[in-house]
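Only one structure is covered here, and it is reproduced in the block below.
In our numbering, the protein residues as written are 878 to 972.
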């Protein structure tokens with residue numbers, strides 16, 4: 878659990894670090910990249926846990942059968958459902 882958490886945080890921060898030049902052209906600096914990388918990393922995990930909680934309360938293992946082996950289509954977008962609004966609000970407030 879903790880290995881996955883720290884791995885996702887490193888990957889999230891690393892992604893935003895690599896995207897620092899396009900972000901700087903849009904008025905965001907390395908501090909914003911750091912904040913977004915860490916914030917979105919945590920929010921993505923919260924989204925995944927929230928989706929798992931919904932499935933657990935509904936007593937279902939997978940959220941669909943169209944894509945076998947991955948837990949359903951909801952597993953593909955659970956993190957995006959939480960991170961996209963956070964990114965939107967952050968960008969609106971900072972720009």
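In this text, a Cβ means the ideal position worked out from N, Cα and C, and glycines have one as well.
- The alpha helix (DSSP H) runs of length 4 or more contained entirely in the segment 895-964 are, from start to end of the chain, 897-902, 907-934.
- Excluding residues up to 5 positions away in sequence, 924 lie with their Cβ nearer than 7 Å to the Cβ of residue 958 in the same chain.
- Contact check for residue 893 and residue 913: beta-carbon distance about 5 Å, within the 8 Å limit, so the pair qualifies.
- Going by C-alpha positions, residue 880 is about 33 Å away from residue 904.
- Residue 891 counts as exposed, since fewer than 16 other beta carbons sit within 10 angstroms of its beta carbon.
- As the crow flies, the alpha-carbon of residue 926 is around 10 Å from that of residue 932.
- Our two residues, residue 915 and residue 889, have alpha carbons roughly 7 Å apart in a direct line.
- If you draw a straight line from the Cα of residue 917 to the Cα of residue 908, it is about 14 Å long.
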